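According to UniProt numbering, the sequence shown holds residues 1 to 494 in order.
Where a beta carbon is used, it is the ideal one built from N, C-alpha and C, also for glycine.
All values reported here derive from a predicted model rather than from experimental measurement.
Take a look at the structure below.
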Amino acid sequence: MNNITTKVKKISSIQKEKRIQTCGFIGKRNGINVIKRPEMFDWFRKNGHLFFKDKFKYVSNAFYGWNGRYWETGTEFVDRYIYNEFDRLYDVCVRLDDIPLLRKAGEYKDHISSHLVWDWDDNYDKKVYVTFRNGTLGVNLEDRSFEFLEQDFDMNLNAVYALNYDFVDTMMEVDYWKKSFIGTYFLQYYEEYNLNQLQQFLASLLIPQYQPQQALVIQGDGGDGKGVLMGTLKLLFGNVITEVDPSRWSETHAMAALVGSVLNITNEAPTREISLDAWKSIIANDRVNVNPKHERTYSYKPYGKHILTVNELPKIAVQKSSVRRMPIIRTCKSTSAEERSVFFKRDFENNRDALIAFMLQGLFLLKENGFKEIVGDIEMKKEFIYENESTIGEFIKDCLDVTEKQEDFESVDELFTAFRYWRDDHAQGSKGITKVTFSKKLKTVLLLGDKKIEGSVVRKICGIATRGFSGVAINKKWKKNLQDIRKHGGIKLI
């Protein structure tokens, strides 16, 4: 078997012209291409597992793939590897018009795909394995017990922390991390609810398949320890940490760095505008395109988490549905450089065992929450949406009366016309927003105010169906402005 595997391994490193002889699959009989050794494909089809040296492992009836950083338990990496490596085999099959061989290769791929670990509900809500340099910690989520295992090749399947872990029972006591230096920091700089949300999110890093939230925003003034916390996480996670700025999420070359990432950290995200499409793809767990240098382009579904530390909320046009997947929490304290100990960073990093205990106990909070979405600060989410739609908010304050009366009705055309003139009057122009987008944003901001607004509705005006908003009216000042503008030429409604 090892000999067969070694031969197949060579497929990826030889030229197509030489593959026929090297693989031993294809030969000629009376001038016709035939399969000389179909038993090689039969072996793969029947056994259903693949050991390309350090590329794959088959443990407990499931496949794991090495992505260059750690053993990945998902379909995306293995599928990608199969496509990249076995497309060459398909080329040979098609070139020789050998349908039976092509069919067997397809059966082999399907068999592998059907045995991949991805249904984490059946695997990770009961027990989680966290791997350190010196062994693996098994966390039983049902009875809250722990078991430290010696380094085991078959169990070494999760993200590897970049340090040894000296496991002691006292570390798993609820108050252990609270009595530590890091615990003192957390309790001083985060209110209880926000700290609970932070603990759950950091715990979710131990479960790559936990998908409800992909990003966490930590907002606060300077001097609140956000940077030191992120630096300590880098020390813990080592080379499974990436730092790809969200402003580059739309670049396919940059996205290659996120493949295999457990956590991507971004400091001060608002310094650049963020692509809405790229943002939605990441936090909604959609497939993204990756174009690594000197490799073929492919798409994959990233499951690494993202933490954005900001002094101000990120500048991005967001929707409620997008923010739902992105908890936002806020620090509650800020200290000047003179107030902080000169050893703050050193003491924080040296207290990493407490941070590990903090994260491990967060697994129990996730379990209690039923592995559902982490909510975050509701008011912060409202503020996030409002701040990013601040132009619409200013327009509402300056130009509209929110009466909540059903008899008051303004058409979208009329509102958009007023908005365009208002923006011109404020030297903001009207670039980058259409009438449809304006209508959606207006509805979002109006509904945030907890007013009795129906949103966009259709009414008949003079027998013509007209879409607009009930419960709002353009104020007297801007009614007069619109009349004066139209009297002097006006613009054509879009």
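With a Cβ-Cβ cutoff of 9 Å, do residue i and residue j count as a contact?
{"i": "Ser341", "j": "Asp224", "result": "no"}
{"i": "Phe201", "j": "Ile282", "result": "no"}
{"i": "Gln197", "j": "Asn285", "result": "no"}
{"i": "Gly468", "j": "Val402", "result": "no"}
{"i": "Lys126", "j": "Leu205", "result": "no"}
{"i": "Phe348", "j": "Thr437", "result": "no"}
{"i": "Cys332", "j": "Tyr421", "result": "no"}
{"i": "Ile182", "j": "Phe344", "result": "no"}
{"i": "Ser180", "j": "Asp353", "result": "yes"}
{"i": "Ala278", "j": "Ser250", "result": "yes"}
{"i": "Ala473", "j": "Leu400", "result": "yes"}
{"i": "Thr136", "j": "Phe146", "result": "no"}
{"i": "Val130", "j": "Leu360", "result": "yes"}
Can you find the residues in the same chain that come closer than 8 Å, C-beta to C-beta, to residue i, ignoring five residues on each side of it along the sequence?
{"i": "Met230", "result": "Ile265, Asn267, Ile307, Thr309"}
{"i": "Thr242", "result": "Ala257, Leu258, Ser261, Leu263, Asn264, Ile265, Gly304"}
{"i": "Arg346", "result": "none"}
{"i": "Asn311", "result": "Gln219, Gly220, Asp221, Gly222, Glu268, Pro270"}
{"i": "Val174", "result": "Gln361"}
Which residues bound the beta strand (DSSP E) around residue i?
{"i": "Thr309", "result": "305-310"}
{"i": "Leu141", "result": "It is not in any beta strand (DSSP E) - Leu141 carries neither H nor E in the DSSP assignment."}
{"i": "Ser250", "result": "Neither: Ser250 is in no beta strand (DSSP E) and is coded neither H nor E."}
{"i": "Ser411", "result": "409-411"}
Which same chain residues end up closer than 7 Å to residue i when comparing Cβ atoms and leaving out the 5 residues on each side of it in sequence?
{"i": "Val244", "result": "Ala254, Ala257, Leu258, Asn264"}
{"i": "Gln406", "result": "Ser470, Gly471"}
{"i": "Ala427", "result": "Bear in mind that a pLDDT of 46 at Ala427, under 50, signals an unreliable position, so the model cannot answer this."}
{"i": "Glu410", "result": "Gly468, Phe469, Val472, Ala473, Ile474"}
{"i": "Val128", "result": "Val139, Leu141, Leu206, Ile207, Leu363"}
{"i": "Lys293", "result": "His253"}
{"i": "Glu191", "result": "Cys332"}
{"i": "Asp42", "result": "Interpretation of Asp42 is limited by its pLDDT of 46, a score under 50 that renders its predicted location unreliable; the figure taken from the coordinates is listed afterwards. Contacts found: none."}
{"i": "Asp121", "result": "Here Asp121 scores only 39 on pLDDT, less than 50, and its place in the model should not be relied on; the value that follows carries that caveat. Excluding positions up to five away in sequence, the list is empty."}
What residue does the alpha helix (DSSP H) around residue i start on, and which one ends it?
{"i": "Phe364", "result": "352-368"}
{"i": "Thr232", "result": "226-237"}
{"i": "Ile207", "result": "It is not in any alpha helix (DSSP H) - Ile207 carries neither H nor E in the DSSP assignment."}
{"i": "Asn134", "result": "That residue, Asn134, is in no alpha helix (DSSP H); it is neither H nor E in DSSP."}
{"i": "Leu187", "result": "181-189"}
Below 8 Å on the Cβ atoms is my guess for residue i versus residue j; work out the distance and round it to an integer in Å.
{"i": "Val375", "j": "Pro327", "result": "6 Å"}
{"i": "Leu366", "j": "Val139", "result": "In fact, because the Cβ distance is near 11 Å, the residues do not count as touching under 8 Å."}
{"i": "Gln219", "j": "Arg330", "result": "5 Å"}
{"i": "Leu482", "j": "Thr434", "result": "Actually they are not in contact, since the Cβ atoms of Leu482 and Thr434 sit about 20 Å apart, beyond 8 Å."}
{"i": "Leu236", "j": "Leu355", "result": "7 Å"}
{"i": "Tyr300", "j": "Val288", "result": "7 Å"}
For residue i, I'd like the list of residues in its chain whose CB is within less than 6 Å of its CB, leaving aside the five on either flank, ordered along the chain.
{"i": "Asp424", "result": "none"}
{"i": "Lys53", "result": "Because Lys53 sits at a pLDDT of 38, beneath the cut-off of 50, its placement in the model cannot be relied upon, and the point is left open."}
{"i": "Arg248", "result": "Ala254"}
{"i": "Asn156", "result": "Because the pLDDT of Asn156 is 44, which lies under 50, any placement of that residue in the model is unreliable, and the question is left without a value."}
{"i": "Lys178", "result": "none"}
{"i": "Val228", "result": "Lys345, Phe348"}
{"i": "Lys480", "result": "none"}
Which residues does DSSP pair with residue i in a beta bridge?
{"i": "Val288", "result": "Tyr300"}
{"i": "Tyr129", "result": "Gly138"}
{"i": "Gln219", "result": "Val310, Arg330"}
{"i": "Asp401", "result": "Ala473"}
{"i": "Leu263", "result": "Ile241, Lys305"}
{"i": "Phe343", "result": "Beta-bridge pairing links Phe343 to no other residue."}
{"i": "Leu446", "result": "Looking at the DSSP assignment, Leu446 forms no beta bridge with any residue, so it has no partner."}
{"i": "Leu149", "result": "Thr136"}
Measuring only from the beta carbon, is residue i closer than 8 Å to any heavy atom that is part of the ligand HEM?
{"i": "Lys178", "result": "The ligand HEM is not part of the structure shown, which contains no ligands of any sort."}
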